[in-house]
Structures are given as structure tokens and as C-alpha cells.
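Chemist:
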Amino acid sequence: MASFSDEGYDCSAYAAHRPSPPQALYDTVLAYHQSPRELCVDLGTGHGAVARALATHFKSVIGVDSSEGMLKQAARTQKSDVSNIQYHQSNAESLPFIASKTVDLVIACQAAHWFDPEPLWEEMTRIVRPGGTVVFWNWGHYVVMGRPQVNRALQKFFFEDLVPYWPQPGISVFNNEWMYPVECRDFAVWTDLTRLVSIPADDDAPGVLETPGAIKMRASQTLGSLGTLIRTLSMVHEWRKAHPEALSVKEGGCGDCVDTLMRDMIEGDEKWRAFVTSGGNWRDIEVDLEMRSILLMARRKQSLSYCADPHERQP
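Here the sequence shown is numbered in full-length UniProt numbering, starting from 1 and rising by one per residue.
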């Protein structure tokens, strides 16, 4: 994703303020996974949070990211006693440094919506050993629990104001298409396809039902931290590139799109507005977030049935 590779992108803020995946994600993935735990590949590893979490479960982990800045952040964050993680700068669709049929688990958290599905799955078929697992997990669509007026401001910000700055097709793959474009379609090679969708209670997703066993993505933080988190989003980064004159209040300006959002959220909530009017610091307001999450899992078949079609891929 180009935004995260930009020289001006703040990888340290990404690492500090993006919520980490919950333990339930790892529990669900490891319970599904049935092959050995020799080699795990973390695609779109970012600052390496998932790679580090899985390093205790696999003999070796390879973290892959197209952003040099993210990989430098991962190296800075990694503890000195962790020796079984290697990082490579590469796109997910081409992994020539990984031998064929050697990977037990491929995982991508908050990354698969950026991938090109056809070459990606061709590469998954090449590198994943029979019985191995591919997992994609994405979350997004922020909902502040119990604050309907705040959520109206959030949804206007994301789905009206910032739509022209959505990096495509990635953002739409999650927000509009619910990750279906990157879901596995090769039923001759992959089996036990699983799709788990979690919808926040205060979400207004029409016609979408929550799946039993879905992973809840929740975070409790201050409104100030939420503002910093929103600034790490690719669409906000693109907005700021397009409006270099709009300095944030922190930068000494009159405010950027995130400052405007914060003001709209506070103005829309009676209790928050009263707190700030009485002299309280808006950055200290506590918020409980829940986000939509989508977990896709697929297992490579142990073997393929014989087919007379000479064009059928072999395992």
C-alpha cells in the first residue's frame, strides 16, 4: 500500500496507537490450524505485532511488508531475545525467497484488502504445504459504543468527507465488499473455507448477520488517542497530502480534517460537550470502541483427486 511507504508516513504513531489483535484471534487460528508449526509467514507485517505474537508458536516466522519504514519500525520494536523472526521487504503476491510447499501458516492482519487476489492465491498455492493454512483478518468501521451522535459524525467523516481519498481498491474491498474479493475461490486446492463476521451492537450494517464464533475487536482509549489512531489511517494520510496547507492544531495551524472531526464529535454529544465547556480536556474523554471484523480461513488439501483435465493445477 503506497501510503505506508511514503517518506512522510508516521510508522511510529502507527505502532503506538493501532490496537493489537485480541488473543481470541490467535486462539481461533491455532485451533483451526492442523499442520506442523515449523514456518509461519506474516504478510503485511507492519510493525511486526502479529509476527512477534506467533513467534512463540512457530519455529520460524517470516514477516513480509512492502514498506521499508514499517520494517524498520518492526526491527526497532522487536526484543533482543527474539531470534526466530526474519523480515523481508516484498509484495505479498511474489515471494521468491520462500521455497515451494514449505509454509505451514500464512496470516495477514489488516493487510489482505490491499492484495491482488489472483496472483496472491497462485503464490499461496505455491508456498503453502499440503494441510497448511491461510488466514486473513481485517477490522474497521469504528463504532463508539453508546454514543449515537458521535457515530453519526464518524460515519460522515469516513463515508462522505474522506471518500475521495480512499486508496483504491483496498478500502472498498473491506468497507463496501466485506472482503469477498480476496476470499479463496480455488475449491480444487483449498478446503474447510471459513468466514467469521463480527458486527458491533451499535453498528447499522444492513442485512449483515454476525457469525457465531466471530472475533470481537474492541479497544478502550482516550479521545486523544483515538484522534492519533485516525491520523494513521491511509485515507487521512492521503487527505493531508492533498491539503498540505491545512496544518493540525498540534502543528500550530487552524486544524486539519481530524481536528474538525474531533470538534464535531464533541459538539454532537451532550455529556462530552458539557465536560469540555466546564474546562475538561477533550483528549482525556474515555471512549469504548468496537469495530467490524472479518476472519477468512482456508486449509490446503492434503492431496487432489486425479482429473483428466491437463490444465488442472497439481498439488
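For every residue, glycine included, the Cβ atom is placed at its ideal position computed from N, Cα and C.
Please classify residue 142 as buried or exposed, where buried requires at least 16 neighbouring CB atoms within 10 angstroms.
Modeler: On the sequence shown, residue 142 is found 142 positions in, with the first residue counted as 1. By the 10 Å Cβ count, residue 142 comes out buried.
Chemist: If you count every other CB in all the chains shown that lies within 10 Å of the CB of residue 252, and 16 or more means buried, which is it?
Modeler: Position 252 of the sequence shown, counting from 1, holds the residue named residue 252. Exposed, because fewer than 16 other Cβ atoms sit within 10 Å of the Cβ of residue 252.
Chemist: Going by DSSP in three states, residue 315 sits in which element: helix, strand or coil?
Modeler: As a position in the sequence shown, residue 315 is number 315, starting the count at 1. With a pLDDT of 37 at residue 315, under the threshold of 50, the modelled position of this residue cannot be trusted; read the value that follows with caution. DSSP places residue 315 in coil when its eight states are reduced to three.
Chemist: Is DSSP giving residue 230 helix, strand or coil here?
Modeler: Translated into positions along the sequence shown, residue 230 becomes position 230. Looking at residue 230 - three-state DSSP - the assignment turns out to be helix.
Chemist: Counting along the chain, where does the beta strand (DSSP E) carrying residue 22 start and finish?
Modeler: On the sequence shown, residue 22 is found 22 positions in, with the first residue counted as 1. Counting along the chain, residue 22 falls outside any beta strand (DSSP E), and DSSP gives it neither H nor E.
Chemist: With distances taken Cα to Cα, identify the nearest neighbour of residue 221 among 230, 213, 214.
Modeler: For the purposes of this step, residue 221 is taken as residue 221 along the sequence shown, with counting starting at 1. Nearest of 230, 213, 214 to residue 221, Cα basis: 230.
Chemist: Using 8 Å as the cut-off, can you tell me whether the region 152–170 makes contact with the region 233–241, which would need three or more C-beta pairs spanning the two stretches below that distance?
Modeler: Yes: the two stretches touch, three or more of their Cβ pairs being nearer than 8 Å.
Chemist: Following the continuous beta strand (DSSP E) through residue 174, name the residue where it begins and the one where it ends.
Modeler: What you label residue 174 is simply residue 174 of the sequence shown in a count that begins at 1. It is not in any beta strand (DSSP E) - residue 174 instead sits in the alpha helix (DSSP H) that spans 170–175.
Chemist: Just to confirm my understanding: we take residue 279, look at its own chain, exclude 5 residues before and 5 after, and list those with CB closer than 6 Å. What are they?
Modeler: To locate residue 279, count along the sequence shown from 1; it is residue 279. Closer than 6 Å at Cβ, skipping near neighbours: no residue.
Chemist: Looking only at its chain, what residues have a beta carbon closer than 6 Å to the beta carbon of residue 19, apart from the 5 residues adjacent to it on each side?
Modeler: Counting from 1 along the sequence shown, the entry for residue 19 is found at position 19. These residues qualify, in order along the chain: 219.
Chemist: Skipping 5 residues on each side, what residues in its chain have a beta carbon closer than 8 Å to that of residue 213?
Modeler: Here residue 213 refers to the residue found at position 213 of the sequence shown. Answer for residue 213: 28, 196, listed in chain order.
Chemist: Let me see if you follow: with CB-CB separation under 9 Å, is residue 255 close to chain D or not?
Modeler: Among the protein chains of the structure shown there is no chain D, as only one such chain exists.
Chemist: Where do the N-terminal and C-terminal ends of the beta strand (DSSP E) with residue 138 fall, by residue?
Modeler: Residue mapping note: residue 138 aligns to position 138 of the sequence shown, counting from 1. 128–144 is the span of the beta strand (DSSP E), which, as asked, contains residue 138.
Chemist: Could you name the residues that DSSP lists as bridge partners for residue 88?
Modeler: By 1-based counting over the sequence shown, the position of residue 88 is 88. Residue 88 is bridged to 64.
Chemist: Which term fits residue 180, buried or exposed, when burial requires 16 or more other beta carbons within 10 angstroms of its beta carbon?
Modeler: As a position in the sequence shown, residue 180 is number 180, starting the count at 1. With fewer than 16 Cβ atoms within 10 Å of its Cβ, residue 180 is classed as exposed.
Chemist: Please determine if the region 133–150 and the region 94–101 are in contact, where contact requires at least 3 C-beta pairs separated by less than 8 Å.
Modeler: Verdict: no, contact absent.
Chemist: Enumerate, from N- to C-terminal direction, the unbroken beta strand (DSSP E) stretches of 3 or more residues contained entirely within the region 191–252.
Modeler: Here the runs fully enclosed are 217–222.
Chemist: Cβ of residue 70 within 9 Å of Cβ of residue 288?
Modeler: Along the sequence shown, one-based indexing puts residue 70 at 70. Along the sequence shown, one-based indexing puts residue 288 at 288. No, they are not a contact pair.
Chemist: Buried or exposed, going by whether 16 or more other CB atoms sit within 10 Å of the CB of residue 67?
Modeler: Mapped onto the sequence shown, residue 67 falls at position 67. Classification for residue 67: buried.
Chemist: Express the C-alpha separation of residue 185 and residue 223 in angstroms, rounding to a whole number.
Modeler: Locating residue 223 in the sequence shown gives position 223, counting from the first residue. Locating residue 185 in the sequence shown gives position 185, counting from the first residue. About 41 Å.
Chemist: Output yes or no for whether 9 Å exceeds the beta carbon distance between residue 107 and residue 85.
Modeler: Here residue 107 corresponds to residue number 107 of the sequence shown, with the count starting at 1. Here residue 85 corresponds to residue number 85 of the sequence shown, with the count starting at 1. Going by C-beta atoms, residue 107 is not nearer than 9 Å to residue 85.
Chemist: Going by DSSP, what residues sit across from residue 334 in a beta bridge?
Modeler: The question about residue 334 has no answer here: the residues shown for the chain are numbered 1 through 315.
Chemist: Return helix, strand or coil for residue 271, following the three-state DSSP convention.
Modeler: Indexing the sequence shown from 1 puts residue 271 at position 271. The answer is helix: DSSP assigns residue 271 an H, G or I state.
Chemist: May I ask you to verify whether the region 118–130 touches the region 253–272, counting CB pairs closer than 8 Å and requiring at least 3?
Modeler: No, the region 118–130 does not touch the region 253–272.
Chemist: Go ahead and label residue 209 buried or exposed: buried means 16 or more other beta carbons lie within 10 angstroms of its beta carbon, across all protein chains shown.
Modeler: Residue mapping note: residue 209 aligns to position 209 of the sequence shown, counting from 1. Exposed, since its Cβ has fewer than 16 Cβ neighbours within 10 Å.
Chemist: Just to check my reading of the structure: residue 200 and residue 290 have Cβ atoms closer than 8 Å, yes? What is that Cβ distance to the nearest angstrom?
Modeler: As a working note, residue 200 is residue 200 in the sequence shown. As a working note, residue 290 is residue 290 in the sequence shown. Indeed they touch by this definition, with Cβ atoms about 4 Å apart.
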